[in-house]
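Presented below is the structure to which this report refers.
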Amino acid sequence: KAGVTQTPRYLIKTRGQQVTLSCSPISGHRSVSWYQQTPGQGLQFLFEYFSETQRNKGNFPGRFSGRQFSNSRSEMNVSTLELGDSALYLCASSLGAGSSTEAFFGQGTRLTVV
Amino acid sequence: DAKTTQPPSMDCAEGRAANLPCNHSTISGNEYVYWYRQIHSQGPQYIIHGLKNNETNEMASLIITEDRKSSTLILPHATLRDTAVYYCIVRVNNDYKLSFGAGTTVTVRA
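Protein sequence lines, in the order shown, are assigned to chains A and B. Each residue of the first sequence is one higher than the one before, counting from 600 in our numbering. Each residue of the second sequence is one higher than the one before, counting from -8 in our numbering.
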């Protein structure tokens, strides 16, 4: 079956703009998580959604937000972009049925803020 | 979340077994040990996970000590394509967040 699909793969934005990234989970998966990866901070958890509800949130400013739709697809939005928001944004999906379920990651969206 | 400690890097010869250690001395009884790897510029890939028993799948074996304070990921016959950053993660029960550390950069050499 198809894996986790993230769009777009690459994006260049200007400081102050806003951006929306999309993630389509594996069919049947109801949990979607988002991560930010930078060379300095590594992989950091942003938030997790299950059945359209945010269940977990990482330590990121309110400029970072997300949502999940009834078909489990998810979007994340970053407003008022800063240079430091340049990163690889990764989405992961899982069944979400318990703590012992593995997460499957997409290829990520590479965001560059100039 | 319990913290994990991994060596920053290690080399392995192609065709040989790679043994990747991980310390998680503060792990609690309901926390699982997960291993992921990330090949350059790709999303992390799930490898294996376990609670207290040793586990094996087509990719690797996971050996967890009896006191659960450490574990070892074994890649039985390393190939050049196994060159990646390997992350050992301890996951709180019912917490869907994965807390990635710095991981171990494994370089498989021909």
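Beta carbons: idealized from backbone N, C-alpha and C, even for Gly. These numbers come from a predicted model, not from an experiment.
Shown here, Asp2 (chain B) sits in a strand according to DSSP, grouped into three states. Taking each of B:Leu71, B:Leu89 and B:Thr74 in turn and checking the Cα distance to Ala702 (chain A), the smallest one comes out for B:Leu89. Restricting attention to B:Asp2, B:Ala4, B:Arg7 and B:Ser16, the CA atom closest to the CA of Ser62 (chain B) is found in B:Ser16. Of all residues in the segment 637 to 661 of chain A, only Gly641, Leu642, Gln643, Phe644, Glu647, Phe649, Arg654, Asn655 and Gly657 come within less than 8 Å of chain B when Cβ atoms are compared, listed by chain position. Taking a Cβ-Cβ cut-off of 7 Å, the neighbours of Ala702 (chain A) in chain B comprise Tyr37 and Leu89, given in sequence order. The Cβ-Cβ distance between Ser630 (chain A) and Tyr87 (chain B) falls below 8 Å. Note that the C-beta distance between Gln36 (chain B) and Tyr25 (chain B) is not below 8 Å.
Just measuring C-alpha positions, the residue of B:Arg7, B:Pro12 and B:Thr(-4) sitting nearest Ile54 (chain B) is B:Pro12. Shown here, Arg28 (chain B) sits in a strand according to DSSP, grouped into three states. Per the DSSP secondary-structure output, Pro12 (chain B) pairs in a beta bridge with B:Thr63. At least one beta carbon of chain B lies nearer than 8 Å to the beta carbon of Gln706 (chain A). Under a criterion of Cβ atoms nearer than 9 Å, no residue of chain A is adjacent to Gly20 (chain B); the nearest Cβ is some 12 Å distant.
Residues Arg709 of the same chain have their beta carbon placed closer than 6 Å to that of Tyr609 (chain A), with the five preceding and five following residues left out of the count. Identification of chain B residues near Gly695 (chain A) by a Cβ-Cβ cut-off of 8 Å yields Tyr87, ordered along the chain.
Taking a beta-carbon distance threshold of 8 Å, Ser673 (chain A) does not count as an interface residue toward chain B. Boundaries for Tyr87 (chain B): no beta strand (DSSP E) harbours it, and the DSSP string shows neither H nor E there. Leu694 (chain A) sits in coil when the DSSP states are folded into three classes, being neither helix nor strand. Three or more Cβ pairs closer than 8 Å define a contact, and the segment 606 to 621 of chain A meets that threshold against the segment 668 to 680 of chain A. Using a 10 angstroms sphere on the CB of Asp684 (chain A), the tally of other CB atoms reaches 16 or more, which defines it as buried.
With fewer than 16 other Cβ atoms inside 10 Å of its own Cβ, Asp2 (chain B) counts as exposed.
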